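Novice: Before I ask anything, let me first share the structure, which is written out below as structure tokens.
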Amino acid sequence: MSRGGRGRSSRTVELILLVFSLATSMAAYAAVGLAHDGALPAGMLGYGGGLALLFGAAHVALRRLAPDADPVLLPAATLINGLGLAVIHRLDLAYADRAEALGREVPSAAAPAQLTWTAVGVILFVVVLVLVRDHRILQRFTYTAMLAGLVLLLLPLMPLIGTTINGARIWIRVAGFSFQPGEVAKILLLIFFAGYLVAKRDVLALAGRRIAGIDLPRARDLGPVVVTWVASLGVLVFERDLGTSLLFFGVFVALLYVATERLSWLLIGLALFLSGSFLAWTLFGHVRERVDIWLNAFAPRNVSDDSYQLVQGLFGMGTGGLLGAGLGQGRPDIVPYAQTDFIVAAIGEELGLTGLMAVLVVYAILVQRGLRSAIAVRDSFGKLLAAGLAFSVALQVFVVVGGVTRLIPLTGLTMPFLSYGGSSLVANWVLVALLLRISDAARRPAPSPSAVSLQDARTQVVRL
Amino acid sequence: MNTPLRRLSVAVLLLFGLLLLNANYLQVVRADALHNDRNNSRLITEEYSRERGPILVGEDPITTSVETDDDLRYLRTYTNGELYAPATGFYSLVYGASGVERERNSVLAGTDDSLFVRRIIDTLTGAQPKGGSVKLTLDAQAQRAAYRGLQRTGGKGSVVAIDPTTGAILALVSSPSYDPNLLASHSTGEVTRNYEQLSSDRSRPMLNRALRQTYPPGSTFKIVTAAAALESGTFSPDSEVRNDPELDLPLTDTTLPNFDNAPCSSSGAATLTDALKRSCNVAFGQIGLDLGADALREQAEKFGFNEAFEVPMRSVASRFPENPDEPQTAQSAIGQFDVRATPLQMAMVAAAVANRGVLMEPYLVQELIAPDLSVLDSTRPRELGTAVSPQTAASLAQMLTAVVEDGTGTNAAIDGVRVAGKTGTAQQGGGRPPHAWFVSFAPSDTDSQVAVAVVIEDGGGQPEVSGNLLAAPIAQAVMRAVLRR
Chain H
29 MSRGGRGRSS RTVELILLVF SLATSMAAYA AVGLAHDGAL PAGMLGYGGG LALLFGAAHV
89 ALRRLAPDAD PVLLPAATLI NGLGLAVIHR LDLAYADRAE ALGREVPSAA APAQLTWTAV
149 GVILFVVVLV LVRDHRILQR FTYTAMLAGL VLLLLPLMPL IGTTINGARI WIRVAGFSFQ
209 PGEVAKILLL IFFAGYLVAK RDVLALAGRR IAGIDLPRAR DLGPVVVTWV ASLGVLVFER
269 DLGTSLLFFG VFVALLYVAT ERLSWLLIGL ALFLSGSFLA WTLFGHVRER VDIWLNAFAP
329 RNVSDDSYQL VQGLFGMGTG GLLGAGLGQG RPDIVPYAQT DFIVAAIGEE LGLTGLMAVL
389 VVYAILVQRG LRSAIAVRDS FGKLLAAGLA FSVALQVFVV VGGVTRLIPL TGLTMPFLSY
449 GGSSLVANWV LVALLLRISD AARRPAPSPS AVSLQDARTQ VVRL
Chain U
29 MNTPLRRLSV AVLLLFGLLL LNANYLQVVR ADALHNDRNN SRLITEEYSR ERGPILVGED
89 PITTSVETDD DLRYLRTYTN GELYAPATGF YSLVYGASGV ERERNSVLAG TDDSLFVRRI
149 IDTLTGAQPK GGSVKLTLDA QAQRAAYRGL QRTGGKGSVV AIDPTTGAIL ALVSSPSYDP
209 NLLASHSTGE VTRNYEQLSS DRSRPMLNRA LRQTYPPGST FKIVTAAAAL ESGTFSPDSE
269 VRNDPELDLP LTDTTLPNFD NAPCSSSGAA TLTDALKRSC NVAFGQIGLD LGADALREQA
329 EKFGFNEAFE VPMRSVASRF PENPDEPQTA QSAIGQFDVR ATPLQMAMVA AAVANRGVLM
389 EPYLVQELIA PDLSVLDSTR PRELGTAVSP QTAASLAQML TAVVEDGTGT NAAIDGVRVA
449 GKTGTAQQGG GRPPHAWFVS FAPSDTDSQV AVAVVIEDGG GQPEVSGNLL AAPIAQAVMR
509 AVLRR
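Right, here's the structure in full:
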């Protein structure tokens with residue numbers, strides 16, 4: 029099989045984009061230092077060299093392991109990761125200043141930890157590319173993935189290791205390390221969804237009764253979607269994790285639609301979503317509270333209390349305006365959890381609308397490249413897996429940014445690659461590795477006609 | 029599967045489109061509103077990181093910003109907080125600001141347009157920007173004398189003293205008062221607790237009685253009625269007035285008696301001067317009936333009734349009733365029925381008489397001073413109008429001097445200074461004890477330097493309520509403080 033010029037030129041484009049991403053990350057880091065100390069940060073060269081080495085290694089790995097893979101995915105993820113590091117570092121400085129002013133103990137810095145996790149993430153990225161030489165082998169682990177995914181999802185509920193942080197029971201703590209297994213469970217469950225739907229799509233696509241011009245599926249085929257719905261509600265009830273619950277259900281319904289091409293599944297999903305939301309709203313105080321904070325964010329009873337985080341984030345973005353206060357020159361530290369859930373507000377405040385839109389566009393590009401790979405890849409499993417991975421990023425970004433900008437109620441998810449958090453960062457690097465693996469298969473040139481004569485070639489059935 | 033995948037990517041683009049639109053709405057359309065929202069903690073930290081300018085009385089700062097090692101850099105600190113609270117107001121993290129702190133906030137905070145160039149220079153030189161200072165018209169000694177006097181009665185009340193020739197407020201006191209330091213703390217919990225305690229206190233310590241509380245002025249209003257009588261041209265200080273022990277009110281069964289149910293003058297005939305000196309209700313009730321409600325209202329409005337003043341804090345308007353019938357007119361002429369006046373208003377009445385009939389606009393802020401000590405603005409006295417003619421003013425001054433020298437207001441007399449004054453004991457009805465009033469100015473024979481109004485609510489809880497007994501000594505102390513005697 030000949031590897032033509034296409035792979036090489038893809039990697040060259042990737043390298044150029046990667047240099048741009050790294051330069052932007054370094055510029056952000058430098059801006060933070062200049063604003064805070066009036067001088068370039070001391071470790072600037074080491075930091076820049078480290079990042080270049082790390083992502084350079086990822087690039088080299090792609091050259092060897094997936095030469096035809098999409099050239100935009102890695103630079104896009106790198107840019108967001110690098111910018112996130114600068115913003116987290118910036119907030120570290122603010123927290124340290126404040127603690128010093130109040131004579132309290134300076135909290136441990138998050139940026140070095142995030143840098144370590146970035147390294148771990150990139151290493152796992154390479155490991156995934158080495159181990160998964162063809163994404164189709166993942167299909168074999170469909171039910172193993174389901175089991176592992178569910179176990180991970182349920183781990184935080186276990187006594188001893190499960191920990192409740194800020195009302196959500198989504199953490200486990202083992203030997204001093206805390207970990208959010210939901211992020212890894214997300215990928216495992218996406219593998220399961222893809223594998224399961226490939227196997228069952230023909231059955232699920234069978235038409236049942238026709239109502240109002242729409243073919244409804246047969247009642248007995250409703251099983252899987254109802255199970256997912258119940259599981260999502262379970263996550264919501266027992267782990268109080270609105271975001272993850274919404275994410276799983278949304279991605280599953282989207283994949284169900286993609287697999288069966290039946291609009292009715294979307295409508296059923298929507299109906300289940302609405303009834304689930306209503307049920308949650310009537311049954312659970314914490315859901316009602318979220319909705320109240322969203323609708324009445326500026327009500328005096330909420331403003332300095334329940335909706336403080338949300339409105340202070342909004343005030344920050346309003347204060348930032350079009351161009352922002354400049355990195356290191358605003359007060360994003362006023363907003364609680366600015367390094368994790370509310371990092372978008374920090375970007376809106378200091379980089380302004382311009383910076384926030386740029387970040388959103390980079391996410392949009394990342395997702396669109398992922399969906400493109402789904403369209404281009406030939407096997408159904410690859411299509412569903414790529415679509416699931418890409419759409420999960422899109423939905424997560426929408427839920428987080430929509431929550432922080434008060435488009436929808438707050439749910440408490442983190443921004444992929446951007447927010448502080450090891451489990452999330454590592455899981456997302458694995459996610460991008462899988463997308464790159466699929467895109468490599470999608471973009472690999474077909475065997476040249478000279479090598480295989482037309483008569484000998486098998487008839488390819490391409491489902492469009 | 030590609031058709032649904034393409035649709036999915038369009039849906040994803042729509043989701044991102046929504047996010048972008050919403051971000052534009054927040055950061056462009058709503059940007060200013062969000063930035064300037066009073067709950068935006070950024071504004072507060074910005075404000076507290078600048079040294080807010082002091083408020084001065086004379087050359088002494090009574091309110092300053094003190095540097096702390098707190099998260100918010102400067103703590104607002106009030107010396108003699110209770111004494112000056114009606115003027116300074118408070119400056120609070122939770123409740124905003126009031127008084128001069130609020131009305132002259134832009135200068136104190138250093139954000140005023142007049143400080144624009146200064147700010148640019150500070151930015152360029154890297155100097156820490158500072159707020160300007162506000163110098164009040166208050167006379168520290170007069171303020172203290174007034175507050176001490178009110179404290180001594182143990183009751184609620186207010187004192188306002190004005191320089192009659194300029195309108196500058198020399199004393200502005202309300203009692204009971206509160207310490208603005210209680211609301212200036214950087215601990216929001218502490219501030220909230222203190223504020224709730226103060227606002228639920230039934231003696232209403234945060235009420236600025238001098239500007240914001242009206243009382244029936246009682247007999248002190250007879251100055252206005254006498255002014256209307258003289259201005260009408262049909263009366264002179266020597267005109268004979270009705271001398272019965274009580275006045276039959278038309279249309280009713282009730283009568284309006286004199287204080288002691290005796291005739292005004294034992295000699296059988298009384299003059300307008302006698303009537304003022306002894307504060308005869310019958311005489312003034314009759315004058316009110318003779319002149320009519322419109323003439324009384326017109327005169328009252330010339331003194332400033334039915335109008336609010338900004339000193340710069342806004343006062344409430346004092347009132348003369350709109351359509352009183354005859355008995356109500358007679359009641360109004362002696363400052364009862366629905367006549368209501370703030371202490372500020374009654375001080376203005378005295379001040380206008382003292383200033384040869386010219387009413388000056390009352391003001392509390394003398395100067396606005398930049399951080400470099402250059403004067404940004406100095407208040408120029410402004411005439412509000414002529415309340416009475418110079419002749420009427422002179423006659424009134426003479427008659428009111430008689431009140432202090434050998435009438436009902438002897439407790440206001442000062443050795444070697446001619447003092448004019450008028451007592452008042454204003455009935456409240458409902459079985460509550462009357463308010464004690466005293467309104468005066470001095471010197472009354474040459475250029476007056478001070479006009480005062482004192483009110484003591486509910487007679488200070490004393491068994492015997494009279495303006496001369498309770499309020500006149502306070503007025504005297506304030507006048508002596510201003511005259512330095």
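Taken in sequence, the protein lines are chains H and U. Each position in the first sequence, counted from 1, maps to that position plus 28 in our numbering. Each position in the second sequence, counted from 1, maps to that position plus 28 in our numbering. Note that the Cβ used here is the ideal one computed from N, Cα and C, for glycine as well. Quick caveat, the model's predicted, so the values are computed rather than measured.
(1) What residue from Met443/H, Gln424/H, Thr442/H has the CA that sits closest to Val40/U's CA?
(2) Taking Ile362/H as the query, report the chain U residues whose CB atoms sit under 7 angstroms from its CB, ordered along the chain.
(3) Go through its chain and collect everything with a Cβ distance to Gly32/H's Cβ below 6 angstroms, but skip five positions before and after it.
(4) Identify, in the order they occur along the chain, each residue of the same chain with its Cβ nearer than 6 angstroms to the Cβ of Thr107/U, setting aside the five sequence neighbours on each side.
(5) Name the residue from Ala425/U, Glu395/U, Ala328/U, Ala238/U whose alpha carbon lies nearest to the alpha carbon of Thr370/U.
(6) Would you say Arg34/U touches the ligand NAD, meaning its beta carbon is less than 6 angstroms from a heavy atom?
(7) Just by C-beta distance, which residues in the segment 49-62 of chain U are closer than 8 angstroms to chain H?
(8) Looking at the C-beta of Glu378/H, does it have a partner C-beta in chain U at a distance below 7 angstroms?
(9) With which residues is Arg508/U paired in a DSSP beta bridge?
(10) Of all the residues that make up the segment 279-306 of chain H, which are near chain U by a beta-carbon distance shorter than 8 angstroms?
(11) Which two residues bound the contiguous alpha helix (DSSP H) that contains Met345/H?
(12) Taking the beta strand (DSSP E) that Ile90/U falls in, what are its first and last residues?
(13) Do the segment 443-453 of chain H and the segment 82-94 of chain H touch if we need at least three Cβ pairs shorter than 8 angstroms?
(14) Could you give the residue range of the beta strand (DSSP E) that holds Val483/U?
(15) Are the C-beta atoms of Val40/U and some chain H residue less than 7 angstroms apart?
(16) Taking Cβ-Cβ distances below 8 angstroms as the criterion, which residues of the segment 203-232 of chain H are in contact with chain A?
(17) Please list the partners that Leu399/H has in chain U, where partner means a Cβ-to-Cβ separation under 9 angstroms.
(18) Show which residues of chain U have a CB atom less than 8 angstroms away from the CB atom of Gln396/H.
(19) Under the DSSP definition of a beta bridge, which residues are partnered with Asp276/U?
(20) With DSSP as the reference, identify every bridge partner of Ile197/U, one or two as the case may be.
(21) Taking the alpha-carbon of Asp140/U as reference, which of Gln55/U, Arg80/U, Gly316/U has the nearest alpha-carbon?
(22) Suppose contacts are defined by Cβ-Cβ distances below 7 angstroms. Is Gly11/U in contact with Thr429/U by that definition?
(23) Near Asp473/U, which residues of its chain fall below 8 angstroms by C-beta distance, leaving aside the five closest residues on each side in sequence?
(24) Helix, strand or coil, according to DSSP, for Phe312/H in the structure here?
(25) Can you confirm whether Thr368/H, when its beta carbon is compared against all beta carbons of chain U, has any partner nearer than 7 angstroms?
(26) Name, going along the chain, the residues of the segment 431-455 of chain H whose beta-carbon falls closer than 7 angstroms to a beta-carbon of chain U.
(27) Would you list, in chain order, the members of the segment 497-510 of chain U that have their beta-carbon closer than 8 angstroms to a beta-carbon of chain H?
(28) Just how far apart, CA to CA, sit Glu42/H and Leu102/H?
(29) Report yes if the CB atom of Val467/U is closer than 7 angstroms to the CB atom of Thr248/U, and no otherwise.
(30) Does Arg31/H come out as helix, strand or coil in the three-state DSSP assignment?
(31) Just mark Ala127/H as buried or exposed, buried being the case when its beta carbon has 16 or more other beta carbons within 10 Å.
(32) Residues of chain U with CB under 7 angstroms from Phe426/H, in chain order?
(33) Taking the alpha-carbon of Ser264/U as reference, which of Gly246/U, Met29/U, Ala303/U, Asn439/U has the nearest alpha-carbon?
(34) Within the 7 angstroms Cβ cut-off, does Asp65/U reach chain H?
Specialist: Reading off the structure:
(1) Residue numbering aside, residue 40/U sits at position 12 when the second sequence is read from its first letter. That would be Gln424/H, whose Cα lies nearest to the Cα of Val40/U.
(2) Position 334 of the first sequence, counted from the first residue, corresponds to residue 362/H. Here the neighbours are Ser69, Arg70.
(3) Here residue 32/H is taken as the residue at index 4 of the first sequence, counted from 1. With a pLDDT of 48 at Gly32/H, under the threshold of 50, the modelled position of that residue is not reliable, and no figure is offered here.
(4) The count along the second sequence starts at 1 and reaches residue 107/U at position 79. Within the same chain, Thr107/U has close Cβ partners Ile90.
(5) Reading the second sequence from its first residue, position 342 is the one you call residue 370/U. Selected option, being the one with the closest Cα: Ala238/U.
(6) This structure does not include the ligand NAD; it has no bound ligands of any sort.
(7) Asn50, Ala51, Asn52, Leu54, Gln55, Val56, Arg58, Ala59, Asp60, Ala61, Leu62
(8) Position 350 of the first sequence, counted from the first residue, corresponds to residue 378/H. No, no contact with chain U.
(9) Residue numbering aside, residue 508/U sits at position 480 when the second sequence is read from its first letter. In DSSP, Arg508/U forms no bridge with anything.
(10) Ala282, Tyr285, Val286, Ala287, Glu289
(11) Here residue 345/H is taken as the residue at index 317 of the first sequence, counted from 1. From DSSP, the alpha helix (DSSP H) with Met345/H extends over 336-348.
(12) The residue you call residue 90/U lines up with position 62 of the second sequence. Here the beta strand (DSSP E) through Ile90/U covers 88-95.
(13) no
(14) Within the second sequence, the letter at position 455 stands for residue 483/U. 478-484 is the extent of the beta strand (DSSP E) around Val483/U.
(15) Numbered from 1 along the second sequence, position 12 holds the residue referred to as residue 40/U. It does; some Cβ of chain H falls within 7 angstroms.
(16) Absent here is chain A; the protein component of the structure consists of chains H and U.
(17) For this step, residue 399/H is matched to residue 371 along the first sequence. Chain U residues near Leu399/H: Leu33, Arg34, Leu36, Ser37, Val40.
(18) Along the first sequence, one-based indexing puts residue 396/H at 368. Under the 8 angstroms cutoff, chain U gives Ser37, Val40, Leu41.
(19) Position 248 of the second sequence, counting from 1, holds the residue named residue 276/U. Paired residues: Thr283/U.
(20) Locating residue 197/U in the second sequence gives position 169, counting from the first residue. According to DSSP, which records beta bridges pairwise, Ile197/U is partnered with Ile190/U.
(21) Stepping through the second sequence from its first residue, residue 140/U is reached at position 112. Here the closest residue by C-alpha is Arg80/U.
(22) Here chain U has residues from 29 to 513 only, and residue 11/U is not among them.
(23) Residue 473/U sits at position 445 when you count from the first residue of the second sequence. Ala425, Thr429, Arg446, listed in sequence order.
(24) By 1-based counting over the first sequence, the position of residue 312/H is 284. Looking at Phe312/H - three-state DSSP - the assignment turns out to be coil, as it is neither helix nor strand.
(25) In the first sequence, the residue the question calls residue 368/H occupies position 340. False, the Cβ-Cβ gap to chain U never drops below 7 angstroms.
(26) Thr433, Leu435
(27) none
(28) The residue given as residue 42/H occupies position 14 in the first sequence. The residue given as residue 102/H occupies position 74 in the first sequence. Taking the straight line joining both Cα atoms gives about 7 angstroms.
(29) The sequence position of residue 467/U within the second sequence is 439, counting from 1. The sequence position of residue 248/U within the second sequence is 220, counting from 1. Cβ atoms of Val467/U and Thr248/U: closer than 7 angstroms.
(30) Walking along the first sequence from the start, residue 31/H turns up at place 3. Here Arg31/H scores only 47 on pLDDT, less than 50, and its place in the model should not be relied on; the value that follows carries that caveat. Arg31/H: coil per DSSP, three-state reduction.
(31) Within the first sequence, residue 127/H is the residue found at index 99, counting from 1. Exposed.
(32) Taking the first sequence and counting its residues from 1, one reaches residue 426/H at position 398. Within chain U, the residues near Phe426/H are Leu43, Leu47.
(33) The residue given as residue 264/U occupies position 236 in the second sequence. That would be Ala303/U, whose Cα lies nearest to the Cα of Ser264/U.
(34) Start at 1 with the first residue of the second sequence, and residue 65/U comes out as number 37. Yes, Asp65/U lies at the interface with chain H (some Cβ there is under 7 angstroms from its Cβ).
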